[in-house]
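> Here you go, one structure.
Spelled out as structure tokens, the structure:
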């Protein structure tokens, strides 16, 4: 690995001068990645268990995706949606034939959720229904409808008033959900696994109950699969893992293996409500993202990554459940596919810093949860390497606390 010509310090100084400081950044400039490893400007290598906040679902520089982008950029980079392009049609077919319905493309998870909210309201507008029910500790994005749908007060501070028409209820509590629904409710929006909220996994019986409730009340069921889609749980989509199909599904993050892209998938009966003139996305469905997305699908299938996801999921679970027996500071281990949460009895941020010092990148969420979103092609050796580092760090915290 060649060391970058510019040091991390120099890049940080440029950011300090020209970039709005709305992110808390680690004092490291990353310059190159390959597979599950990434290097900084000084040549230090890190094993990344949280690549691209889950967007790099194939790790860094996956060969098929790189080649697809290189080939596409020579022909078309951007085409507005007033024209047809082969890549968009091909990627829509790839997603919908592995899932259901029809696709609309945008650029992010927040944008996909905004569109899904609009679609639900449009579909129910003739009946005068517009309210959306979401779950506490969920996360749906930073734009205004999406952040209003996010039932966490910390994301609402200083930006009120929020948008009207959103109701909140407890996750995994069907009785509480039923009580909050009223005559103006049109849809229920939830994550099958709450990622940012702490890797909280839905009960299959709960999701089946939500589906039945939606059918009985003529409500739309929307699954936010921004984190769980594209094989993250060992099936193409989480709804398949749980055996409960939504009316609308939102996708992003790993959709195109790190290239910015979001999507709404809607059933044949619901999709036509997003009629011409009611919604759009200027860069949505651009040829570069579509080529990358199709190569992502091809890689997952050609390399058997759904099966690998399931195998490595079991390996993570076994490692952390064994460690939990040893360390009382581990309150709970929550694993669904390659979404991993290790809930501690203490703040998780110090553990993140200690792991980084040892060459492992992980995330802390919901204050006490170590969160991992490793790529689908992670190897058993890399799982063991990273789990050994985490075990070392947590043992140190346990003895020093």
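In this note's numbering, the protein residues as written are 9 to 409. Beta carbons are placed, not taken as given, at the ideal position from N, Cα and C, and that holds for glycine. These numbers come from a predicted model, not from an experiment.
1) In angstroms, rounded to a whole number, what distance separates the CA positions of residue 324 and residue 383?
2) Using a threshold of 7 Å, is the CB atom of residue 27 nearer than that to any non-hydrogen atom of the ligand SAM?
3) Closer than 8 Å is the cut-off here; do at least three beta carbon pairs connect the stretch 307-324 with the stretch 145-157?
4) Tell me which same chain residues have a C-beta within less than 7 Å of the C-beta of residue 72, skipping the five on either side of it?
5) Note down the Cα distance separating residue 20 from residue 26, rounded to an integer number of angstroms.
6) According to DSSP, is residue 339 part of a helix, a strand, or is it coil?
7) When you compare each of 99, 40, 108 to residue 278 by their alpha carbons, which one comes out closest?
8) Any idea what DSSP makes of residue 364, helix, strand or coil?
9) With distances taken Cα to Cα, identify the nearest neighbour of residue 292 among 281, 200, 263.
10) Note the first and the last residue of the continuous alpha helix (DSSP H) segment covering residue 111.
11) Which first and last residues belong to the beta strand (DSSP E) in which residue 371 is found?
12) DSSP on residue 208, reduced to helix/strand/coil?
13) Going straight from the alpha carbon of residue 396 to that of residue 202, what length do you get?
14) By the DSSP assignment, the beta strand (DSSP E) with residue 75 in it spans what residues?
15) Which ranges would you report for the alpha helix (DSSP H) in the stretch 208-243 if only whole runs of at least 4 residues count?
16) So, residue 348 versus residue 380, is the Cβ gap smaller than 8 Å?
17) Using C-beta distances below 8 Å, list every residue in its chain close to residue 198, excluding the 5 sequence neighbours before and after it, in chain order.
18) To the nearest angstrom, how far is the alpha carbon of residue 29 from that of residue 207?
19) Determine, using beta-carbon pairs with one atom in the stretch 356-375 and one in the stretch 327-339, whether at least three such pairs fall under 8 Å.
20) Taking the alpha-carbon positions, what's the residue 223 to residue 189 distance?
21) Over the uninterrupted beta strand (DSSP E) stretch that includes residue 174, give me the two end residues.
22) For residue 121, count neighbouring C-beta atoms within 10 Å of its own C-beta (all shown protein chains included) and say buried if the count is 16 or more, exposed if not.
23) Please return the same chain residues whose Cβ sits closer than 7 Å to the Cβ of residue 117, not counting the five positions on each side in sequence.
Well, looking at it:
1) A direct Cα-to-Cα measurement between residue 324 and residue 383 gives close to 13 Å.
2) For the ligand SAM, the structure offers nothing, since it holds no ligand at all.
3) No: the two stretches stay apart, fewer than three of their Cβ pairs being nearer than 8 Å.
4) Cβ within range, chain order: 303, 306, 307.
5) Straight-line Cα distance between these residues: approximately 10 Å.
6) Strand.
7) In terms of CA proximity to residue 278, 108 leads the group 99, 40, 108.
8) The answer is helix: DSSP assigns residue 364 an H, G or I state.
9) Per the C-alpha coordinates, the member of 281, 200, 263 positioned closest to residue 292 is 263.
10) Taken as a continuous stretch (DSSP letters only), residue 111 belongs to no alpha helix (DSSP H), being part of the beta strand (DSSP E) at 110-114.
11) 371-373 is the extent of the beta strand (DSSP E) around residue 371.
12) Of the three classes helix, strand and coil, the one that applies to residue 208 here is strand, per DSSP.
13) About 26 Å.
14) No beta strand (DSSP E) contains residue 75, which is instead part of the alpha helix (DSSP H) from 71-81.
15) Entirely contained in the stretch 208-243, the alpha helix (DSSP H) runs reaching 4 residues are, in chain order, 212-225.
16) Yes, they are a contact pair.
17) Once the five neighbours on either side are set aside, the close Cβ partners of residue 198 are 142, 143, 146, 179, 210, 218, 230, 231, 232.
18) About 28 Å.
19) Contact check between the stretch 356-375 and the stretch 327-339: fewer than three CB pairs, one atom from each, fall below 8 Å, which does not count as touching.
20) Cα-Cα distance, rounded: 13 Å.
21) Looking at the DSSP string, the run of the beta strand (DSSP E) that includes residue 174 is 174-177.
22) Its Cβ being crowded by 16 or more others within 10 Å, residue 121 is buried.
23) The residues are 149, 234, 258, 260, 261, 270.
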